[in-house]
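Peer 1: Here it is, the structure in full.
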Amino acid sequence: MEQMFFLAIRMATVLAIGLFPISLIVYAYSYVDPGLLFKNHLIHEISIGFAIIWSASISYVSYQCYRIRQETFLRYMTLAFLAQTIIYSMHGLLTRTGTEFPILFILYGPASRVAMAAFLSAAVLKYGTNILDEVGRKSWLVWIGLFILVIPAIALLALSPIGTNFYIRAGMEALSIGIYLTALGTIYYRKIETPLMRLYSVALVLFAQSSLAFILVKAPWSHMFWLAHVIFVAGVFVISYGLIKARSRSSSFTETFSEELLYSKLAEQVSKQKLEIEARKKAETKLTESEQRFKNFSASAADRFWETGADHRFTYVSPPTKELPVPEDRLLGAFPWALNPLNLGNNGLEQSMDKLFDGHEAFRKFQFEIQMLDESVLYLSMNGTPNFDGSGKFRGYCGTTLNETFEVEARKLVEKKMLASKTEAEMANRSKSEFLANMSHELRTP
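When we follow the numbering used here, the leftmost residue of the sequence shown carries the number 50, and every step to the right adds one.
Next up, the structure:
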């Protein structure tokens, strides 16, 4: 319900803007004396000159859009403004002949409006058909030549006996109105409701009302004469706004501000964002799982995992284990030789580790011993891998420390037993040798 209300407000606003000129036309026709003239050649020349320059500029913009998109719609838009520029320029150039040759001065206006209406209507027929074409320079030159030929043709008509007939001028304007209304009917029949085509429709309504005002002009320089010009210029500004927007965005009048396209792009962006969010969530889930997996490995492993900065101080240490009970808070920010809880000032260990870490090379099985608070001795083995950033700058080490006390003590016990066995064997050999020597001596003695 709310959406329908806003739609009604929007349509009422468009109708009010589009039909406002008709109220001015009715007022001027009903209450303004047609004999009141504002005859100012300079203002007319400046106004028409500005309109011609603006029309030529819009024709150029439309042509540039056509070159990029090759839409048939844009080709007809270019021809519409090109015809308006060439034919209507004569209306401005003949301003000062309006008194001597009023018909010659006036007829170029309706002629240019008929040509413009025809091409704008043809553009509507091609709108949104996805028909692309590419015409060469020769085709454009042919059209320019035809528009130039219209100039002497209108002059001959104006100077002919029928040129002064009111119905010649009124017929041209009526033809323009009919073409504009046909184009509007086509737009609404095809249900073309894109924002820019609404502007296009408003422009067509303004052009039709301008032609109606020109029909009601009883004499050049009257108030109705000037009002008709103002309404026509307003239509040109409205339609040119759409072309400038098309040029600054996609160079396509069909695609620019197309609700269908906007919704499509919005849906595409939403879909893309959803995929990105899902991918990010999956990555975060995998990262969380990886971190948890690492924590589980750390908790179940006998090793202590650690990381140092470029200054060799610990920046990360995994939680203490039964085999390596040195607490984290004692190690974070400390040097690796701080693994020794008693801080006995083992300079040999400190120097060895300092030299090892200064090498910035991977190492394995760096073995050392530390004394715990209970005066027990632990035998440790350290592995480390250097970290470098993208530029090759050293960032620190990451590695593990393993308690090998059990293996070392077991090895020492085996070595001790082997030494004891060797000693016993040597003693047995010595006893055997002594026994044999004594026996030999006894046997040789009579």
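In this text, a Cβ means the ideal position worked out from N, Cα and C, and glycines have one as well.
Give the C-beta separation of A77 and H272 to the nearest angstrom, bearing in mind that I take them to be a contact with Cβ-Cβ under 8 Å.
Peer 2: Confirmed, about 5 Å.
Peer 1: Under a three-way DSSP split, which group does L153 fall into?
Peer 2: Reduced to three states, the DSSP call for L153 is helix.
Peer 1: Whose C-beta lies closer than 6 Å to the C-beta of L462 among residues of the same chain, with five residues either side of it excluded?
Peer 2: There are no such residues.
Peer 1: Cα separation between L311 and V319?
Peer 2: For L311, the predicted structure reports a pLDDT of 49, less than 50, and the residue's modelled location is therefore unreliable. The matter cannot be settled from this model.
Peer 1: According to DSSP, simplified to helix, strand and coil, what is G358?
Peer 2: Three-state DSSP puts G358 in coil, outside helix and strand.
Peer 1: Less than 8 Å between C-beta atoms, sequence neighbours within five positions excluded: which residues of the same chain meet that for L143?
Peer 2: The residues are F150, L153, F154, Y157.
Peer 1: Based on the DSSP secondary-structure assignment, which residues constitute the bridge partners of R353?
Peer 2: According to DSSP, R353 bridges with T450.
Peer 1: I need the straight-line Cα distance from T127 to S250, nearest angstrom please.
Peer 2: Cα to Cα, the separation comes out at about 17 Å.
Peer 1: Could you give the residue range of the beta strand (DSSP E) that holds T364?
Peer 2: T364 -> beta strand (DSSP E) spans 363–366.
Peer 1: Y137 and K175 look like a contact to me (Cβ under 8 Å); what is the Cβ gap, rounded to whole Å?
Peer 2: That pair is no contact at about 24 Å.
Peer 1: Just grab the DSSP bridge partners of Y428 for me.
Peer 2: Answer is E418.
Peer 1: What do you get for N452, buried or exposed, if any count of 16 or more other CB atoms within 10 angstroms of its CB means buried?
Peer 2: With 16 or more other Cβ atoms within 10 Å, it is buried.
Peer 1: If you reduce the DSSP assignment to three classes, tell me which class R413 lands in.
Peer 2: Note: R413 maps to strand in three-state DSSP.
Peer 1: Cβ of V282 within 7 Å of Cβ of L248?
Peer 2: No, they are not a contact pair.
Peer 1: Quick one: what's got a C-beta closer than 6 Å to F99's C-beta in the same chain, skipping five residues either side?
Peer 2: Nothing listed; no residue qualifies.
Peer 1: Go ahead and label F417 buried or exposed: buried means 16 or more other beta carbons lie within 10 angstroms of its beta carbon, across all protein chains shown.
Peer 2: Buried, by the Cβ-count rule.
Peer 1: Applying the 10 Å Cβ sphere with the 16-neighbour rule, what's the burial state of P159?
Peer 2: P159 comes out buried.
Peer 1: Measuring only the C-alpha atoms, how far is M365 from W355?
Peer 2: With the sequence shown as reference, residue 365 is identified as Tyr, and Met is not the correct amino acid for it. Each residue's Cα considered, the two are about 5 Å apart.
Peer 1: Determine the contact status of V163 and L233, defining contact as a CB-CB distance below 7 Å.
Peer 2: Not a contact, by the Cβ cut-off of 7 Å.
Peer 1: For the alpha helix (DSSP H) holding G227, just list the boundary residues, first then last.
Peer 2: That run of the alpha helix (DSSP H) goes 215–238.
Peer 1: Output the distance between the C-alpha atoms of L85 and L230, rounded to the nearest integer angstrom.
Peer 2: Going from the Cα of L85 to the Cα of L230 covers about 31 Å.
Peer 1: I need the straight-line Cα distance from C447 to L468, nearest angstrom please.
Peer 2: Cα to Cα, C447 sits roughly 40 Å from L468.
Peer 1: Kindly indicate which residue of E464, Q133, R118, P435 has the alpha-carbon position closest to the one of E183.
Peer 2: The option with the nearest alpha carbon to E183 is R118.
Peer 1: Using the Cα positions of F498 and P210, report the straight-line distance between them to the nearest angstrom.
Peer 2: Given that the chain is displayed from residue 50 to residue 495, the structure contains no residue 498 and the question cannot be resolved.
Peer 1: Taking the alpha carbon of Q133 as the reference point, which residue from R218, W103, E338 has its own alpha carbon closest?
Peer 2: Checked all of R218, W103, E338; the closest Cα to Q133 is W103.
Peer 1: Determine the direct distance from the alpha carbon of M246 to that of L206, and round the result to whole angstroms.
Peer 2: Whole-angstrom Cα-Cα distance: 36 Å.
Peer 1: In the DSSP assignment, what residue or residues form a beta bridge with P435?
Peer 2: According to DSSP, which records beta bridges pairwise, P435 is partnered with Y446.
Peer 1: Measuring straight from C-alpha to C-alpha, what distance separates S259 and R116?
Peer 2: So the two alpha carbons sit approximately 31 Å from each other.
Peer 1: Give me the Cβ distance between V266 and F256, rounded to the nearest whole Å; I'm assuming they're in contact under 8 Å.
Peer 2: Not confirmed; about 16 Å, so no contact.
Peer 1: Among the residues of its own chain, which have a CB less than 7 Å from the CB of I107, if the five just before and after it don't count?
Peer 2: Excluding positions up to five away in sequence, the list reads F130, S289, L292.
Peer 1: With distances taken between CB atoms, is the gap from I280 to A219 smaller than 7 Å?
Peer 2: No; because the gap between Cβ atoms is not below 7 Å, this pair is not in contact.
Peer 1: From the DSSP secondary-structure annotation, give me the bridge partner or partners of L86.
Peer 2: Note: L86 sits in a beta bridge opposite S271.
Peer 1: For M53, count neighbouring Cβ atoms within 10 angstroms of its own Cβ and tell me buried if that reaches 16, exposed if not.
Peer 2: Flag for M53 reads exposed.
Peer 1: Run through DSSP, which three-state label would E242 get?
Peer 2: Looking at E242 - three-state DSSP - the assignment turns out to be coil, as it is neither helix nor strand.
Peer 1: Can you tell me the Cα-Cα spacing of T305 and I241, whole angstroms?
Peer 2: Low confidence applies here, because T305 scores a pLDDT of 48, under 50, leaving its location unreliable; read the following figure in that light. Approximately 13 Å, taken between the alpha carbons.
Peer 1: What are the start and end residues of the alpha helix (DSSP H) that includes S188?
Peer 2: Per DSSP, S188 belongs to the alpha helix (DSSP H) from 186–208.
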